[in-house]
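Have a look at the structure below, then the notes.
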Amino acid sequence: MSNRSFLGLIVLALGLFVAANSVYIVSEYERAVVLRFGKLINPDVEPGLHVKIPLADKLRKFDGRILTTDARPESYYTIENKRLIVDSYSKWRIQDVQKYYKATGGDEAVAANLLASRVANALRDQVGGRTLHEVVSGKRDELMHELTLELNGVANELLGIEVLDIRVKRIDLPEDVSQSVFDRMAADREKEAREYRSKGAEQAEVIRADADRQVAVLEANAYRDAEKVRGEGDATAAATFANAYEQDPNFYAFVRSLTAYKKSFANKGDLMVVDPDSDFFRYLKDINGKK
Numbered sequence: 001m002s003n004r005s006f007l008g009l010i011v012l013a014l015g016l017f018v019a020a021n022s023v024y025i026v027s028e029y030e031r032a033v034v035l036r037f038g039k040l041i042n043p044d045v046e047p048g049l050h051v052k053i054p055l056a057d058k059l060r061k062f063d064g065r066i067l068t069t070d071a072r073p074e075s076y077y078t079i080e081n082k083r084l085i086v087d088s089y090s091k092w093r094i095q096d097v098q099k100y101y102k103a104t105g106g107d108e109a110v111a112a113n114l115l116a117s118r119v120a121n122a123l124r125d126q127v128g129g130r131t132l133h134e135v136v137s138g139k140r141d142e143l144m145h146e147l148t149l150e151l152n153g154v155a156n157e158l159l160g161i162e163v164l165d166i167r168v169k170r171i172d173l174p175e176d177v178s179q180s181v182f183d184r185m186a187a188d189r190e191k192e193a194r195e196y197r198s199k200g201a202e203q204a205e206v207i208r209a210d211a212d213r214q215v216a217v218l219e220a221n222a223y224r225d226a227e228k229v230r231g232e233g234d235a236t237a238a239a240t241f242a243n244a245y246e247q248d249p250n251f252y253a254f255v256r257s258l259t260a261y262k263k264s265f266a267n268k269g270d271l272m273v274v275d276p277d278s279d280f281f282r283y284l285k286d287i288n289g290k291k
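Using full-length UniProt numbering, the first residue of the sequence shown is number 1, and each one after it goes up by one.
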């Protein structure tokens, strides 16, 4: 290979190197800055294809999408001086690339730590001005909304980032008070259960007494109706017997005597001492019952 050909290859390689280091692409989900000898010359590069000076210019890219910072659990005190362990996270993204780069050096971990520190301080202030009930359930959404608005202004001014949302994943009580709180809750539930059982027993007694009263009324009414029907039946029977007796008194006396004989001599072991001339045997002596 001749010197001219070798020189041509060197020039070509150098040209390719310069071309490769002169062109760069910024995607739509990225934010970028350009430094020239360490000095910021383009604080917010638009997405697309761009050209820079090789070796002199340096490109720094950052993730422009929504990022999540998961803070470690922190201990806070409520206005009642009750300690809580709060585990939270925040959603944010780069708003001002120049401020972001100057404040964090373009390091996402540095930005996350700075934001987490400010979230912890703001949470401490918000929790410290509320009761345990308000923090746990009553006004948690309101607390998070106020906290997001407060931190968004500070973070945008100091870090160049936009805080989109701050949420609490869980709130725990310290281990040294969890058991006492659990015991108190159990005692409250037991007290409530006793009240429910007492009210239930009272209602059961009222229902049982009302049922007994209704049973007594029904039985009394039934006995009254039964006696009335029985009385009417006895009256009807007596009237029937009297009517039959009036139609043939002799026959009625004869039938009644036969019935008496049947009942008297039903058991062979019975012993009856009766005067033979008494009226009891008159139908045995005469078919007409004459004495």
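Don't be surprised by glycine CBs; every beta carbon is placed ideally from N, CA and C. Everything numeric in this text was worked out from a predicted model, so none of it was measured.
Just the Cα atoms here: how many angstroms apart are residue i and residue j?
i: residue 130; j: residue 112; result: 27 Å
i: residue 159; j: residue 170; result: 27 Å
i: residue 224; j: residue 263; result: 33 Å
i: residue 208; j: residue 193; result: 22 Å
i: residue 190; j: residue 116; result: 42 Å
i: residue 255; j: residue 239; result: 17 Å
i: residue 174; j: residue 148; result: 26 Å
i: residue 184; j: residue 132; result: 15 Å
i: residue 228; j: residue 210; result: 27 Å
i: residue 242; j: residue 214; result: 41 Å
i: residue 153; j: residue 146; result: 11 Å
i: residue 203; j: residue 134; result: 37 Å
i: residue 67; j: residue 94; result: 9 Å
Can you tell me whether residue i is buried or exposed, with buried defined as 16 or more other CB within 10 angstroms of its CB?
i: residue 52; result: buried
i: residue 88; result: buried
i: residue 110; result: exposed
i: residue 49; result: exposed
i: residue 71; result: buried
i: residue 201; result: exposed
i: residue 155; result: buried
Considering only C-alpha positions, which residue in the set the options is nearest to residue i?
i: residue 101; options: 87, 161, 83, 127; result: 161
i: residue 37; options: 71, 28, 263, 57; result: 57
i: residue 81; options: 31, 114, 127, 155; result: 127
i: residue 33; options: 107, 84, 74; result: 107
i: residue 121; options: 222, 77, 210; result: 77
i: residue 42; options: 92, 96, 67, 29; result: 96
i: residue 118; options: 151, 231, 219; result: 151
i: residue 302; options: 203, 165, 142; result: Any question about residue 302 goes unanswered here, given that the chain covers just 1 to 291.
i: residue 92; options: 204, 212, 163, 25; result: 163
i: residue 64; options: 44, 136, 204, 244; result: 44
i: residue 61; options: 253, 27, 205, 260; result: 27
i: residue 39; options: 86, 143, 231, 98; result: 98
i: residue 85; options: 186, 25, 216, 123; result: 123
Note down, one range per segment and in chain order, each beta strand (DSSP E) of at least 3 residues found wholly within the segment 160–211. 161–172
Runs of alpha helix (DSSP H) wholly within the segment 72–124 (minimum 4 residues, chain order): 97–104
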